[in-house]
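Heads up: the structure comes next, in structure tokens.
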Amino acid sequence: ERSLIMQRIVSALQPGGLFAGVFYHSEQINYGTGGPTDPARLGTLEEMQKALSGLEWLIAEHDVREVKEGSRHNGVSSVIYLLGRKP
Numbered sequence: 003e004r005s006l007i008m009q010r011i012v013s014a015l016q017p018g019g020l021f022a023g024v025f026y027h028s029e030q031i032n033y034g035t036g037g038p039t040d041p042a043r044l045g046t047l048e049e050m051q052k053a054l055s056g057l058e059w060l061i062a063e064h065d066v067r068e069v070k071e072g073s074r075h076n077g078v079s080s081v082i083y084l085l086g087r088k089p
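Sequential numbering from 3 applies to the sequence shown in the working numbering.
Rendered as structure tokens:
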């Protein structure tokens with residue numbers, strides 16, 4: 003399901019269009035500081051890049067950092083940052 007949605011996003015972008023996204027990494031399950039509890043809703047940097055194939059990556063990073071986004075997303079978290087451009 004995720005791959006289908008991501009490919010629709012890529013298809014919807016005009017040439018030169020940008021996609022920006024922040025996602026929880028599959029390691030987030032180990033932190034318990036927010037995000038999905040279903041591993042199928044998480045992924046690795048490589049999986050996200052593959053799901054969004056067709057973009058040129060300006061930023062593609064996995065980081066563990068402090069997140070403060072309210073009571074349900076608070077604490078050390080495993081996060082993926084993506085910024086891609088459609089050629």
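The beta-carbon is built from N, C-alpha and C at its ideal position, and this holds for glycine as well. All values derive from a computational prediction rather than experimental measurement.
Here the region 4–18 makes no contact with the region 61–75; the two share fewer than three CB pairs at distances below 8 angstroms. In this chain, the alpha helix (DSSP H) harbouring isoleucine 11 covers 4–14. Excluding five sequence positions before and after arginine 74, the CB atoms of its chain that fall closer than 6 angstroms to its own CB belong to Gly36, given in chain order. For leucine 20, the uninterrupted beta strand (DSSP E) run begins and ends at 20–26, by DSSP.
Scanning Leu60, Pro38 and Ile82 for the CA closest to the CA of glutamate 48 turns up Ile82.
Listed as beta-bridge partners of arginine 87 by DSSP are Leu20 and Glu58.
Less than 7 angstroms divides the Cβ of glutamate 29 from the Cβ of serine 80.
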